[in-house]
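Its first residue numbered 15, the sequence shown is counted upward by one per residue in our numbering. Ideal placement from N, C-alpha and C gives every residue a C-beta, glycine not left out.
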Amino acid sequence: MHKLLHWPQHNPRVFLLLAVPVWFGVYVSLLAASEALVAILPVARDTHLGGALQFFFYDTPKVLMLLIGIVFVMGIIHTFVSPERTRAMLSGRRLGSGNAMAAGLGVVTPFCSCSAVPLFIGFLQAGVPLGVTFSFLIAAPMVNEIALALLFGLFGWKIAALYLLLGLSVAIVSGLVIGKLGMEHHLEDWVRAMQNTQTATAAQNGNMNWSERVANGLHHVREIVGKVWLYIVIGVALGAAIHGYVPEDFMASIMGQDAPWWALPAAVLIGVPMYSNAAGVIPIVQALLAKGAALGTVLAFMMSVIALSAPEIIILRKVLKPRLIAAFVGVVASGILMVGFIFNLVL
Numbered sequence: 015m016h017k018l019l020h021w022p023q024h025n026p027r028v029f030l031l032l033a034v035p036v037w038f039g040v041y042v043s044l045l046a047a048s049e050a051l052v053a054i055l056p057v058a059r060d061t062h063l064g065g066a067l068q069f070f071f072y073d074t075p076k077v078l079m080l081l082i083g084i085v086f087v088m089g090i091i092h093t094f095v096s097p098e099r100t101r102a103m104l105s106g107r108r109l110g111s112g113n114a115m116a117a118g119l120g121v122v123t124p125f126c127s128c129s130a131v132p133l134f135i136g137f138l139q140a141g142v143p144l145g146v147t148f149s150f151l152i153a154a155p156m157v158n159e160i161a162l163a164l165l166f167g168l169f170g171w172k173i174a175a176l177y178l179l180l181g182l183s184v185a186i187v188s189g190l191v192i193g194k195l196g197m198e199h200h201l202e203d204w205v206r207a208m209q210n211t212q213t214a215t216a217a218q219n220g221n222m223n224w225s226e227r228v229a230n231g232l233h234h235v236r237e238i239v240g241k242v243w244l245y246i247v248i249g250v251a252l253g254a255a256i257h258g259y260v261p262e263d264f265m266a267s268i269m270g271q272d273a274p275w276w277a278l279p280a281a282v283l284i285g286v287p288m289y290s291n292a293a294g295v296i297p298i299v300q301a302l303l304a305k306g307a308a309l310g311t312v313l314a315f316m317m318s319v320i321a322l323s324a325p326e327i328i329i330l331r332k333v334l335k336p337r338l339i340a341a342f343v344g345v346v347a348s349g350i351l352m353v354g355f356i357f358n359l360v361l
């Protein structure tokens, strides 16, 4: 057993050549495996319970595998570039450019809010400034190519372009605001200790061999995944229970064109506890609009569902202290409200 545990360090190149295709092979088979697991259970797939079980069987290993892969790669990268050097490079750029780059990366990564958390943790691990990491975390689920393609198909290019512009603005400005608040001390203590330790380690080990680099990556996986995995399971379990559940008739009744001023904030508040990805929530958006709901209010509701989900907040709680989570939710919710008001005003 001892030899097996240390085999990756003794054979680092062979380990990497085997690990990469195995990781991708398992990852791409998760959807089929989750469907197969549900098929052997005495539960109908088209029921809410069947859908919830399939979601849990798929999303739990998916998020854990993303976290393991990203943390391992970042652990190896740290042996070449220290977190402090990464911070210095991004901090030295023109105001907002790092946030714009991170938000742009979010657009091309088809992650839901929970799946974006592993890369968020990897950015923190790499020493990327806090505000920049939040720009990615906000943009990834909210403004991705799936949402834009569906909006384009349903409402045309003008709506899709306006959503892209305003969604990116929310991600960039929210990241800038959180960065300016200087809330790095509201990261959990183990995260800050990890960053400080890695800075010192990388500075001392510029000439590490590949055995040591692989060992460093595996050490990061044990340290970070070991602390976060239970929160991921709990968060995904909650997401499975509420996935796709939206009281459409009630929502349509408060989202009409002549709805009172409080309808928009109420829609955002109702959306936060719910959970879905862009592909799952856009058909609900279409149904609400068919029932006469105002476009801005419906899009604000959609943004809150996919960018501020309760499962995401549960997972982030292991990484962020409550005050930083509250700041994140408050800043993003304020941006979403502005998007809703603008859509309702101009359309």
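Distance CB(residue i)-CB(residue j) smaller than 8 Å
i           : j           : result
residue 77  : residue 328 : no
residue 314 : residue 353 : yes
residue 93  : residue 222 : yes
residue 249 : residue 128 : yes
residue 121 : residue 163 : no
residue 52  : residue 31  : no
residue 190 : residue 145 : yes
residue 346 : residue 188 : yes
residue 172 : residue 204 : no
residue 409 : residue 311 : A question about residue 409 goes unanswered here, because the residues of the chain that appear run from 15 up to 361.
residue 4   : residue 269 : Given that the chain is displayed from residue 15 to residue 361, the structure contains no residue 4 and the question cannot be resolved.
residue 143 : residue 112 : yes
residue 91  : residue 140 : yes
residue 41  : residue 88  : no
Per DSSP, cross-strand counterpart(s) of residue i
i           : result
residue 270 : 307
residue 41  : Residue 41 is not bridged to any residue.
residue 334 : 201
Buried or exposed (CB count within 10 angstroms, at least 16 for buried), residue i
i           : result
residue 322 : buried
residue 73  : buried
residue 290 : buried
residue 26  : buried
residue 342 : buried
residue 149 : buried
residue 227 : buried
residue 332 : buried
residue 325 : buried
residue 61  : exposed
residue 50  : exposed
residue 232 : buried
residue 299 : buried
residue 131 : buried
residue 229 : buried
At a cut of 8 Å, does the region 164-171 reach the region 131-144 through at least three beta carbon pairs?
Segments in contact, no.
Please confirm if the region 266-275 is in contact with the region 226-238, defined as three or more CB-CB distances below 8 Å between the two stretches.
Output reads no: the region 226-238 does not touch the region 266-275.
Hey, which unbroken runs of the alpha helix (DSSP H) at 4 residues or more fall wholly within the region 129-206?
Under the rule that a run must span 4 or more residues, the alpha helix (DSSP H) segments found entirely inside the region 129-206 read 144-156, 159-169 and 171-194.
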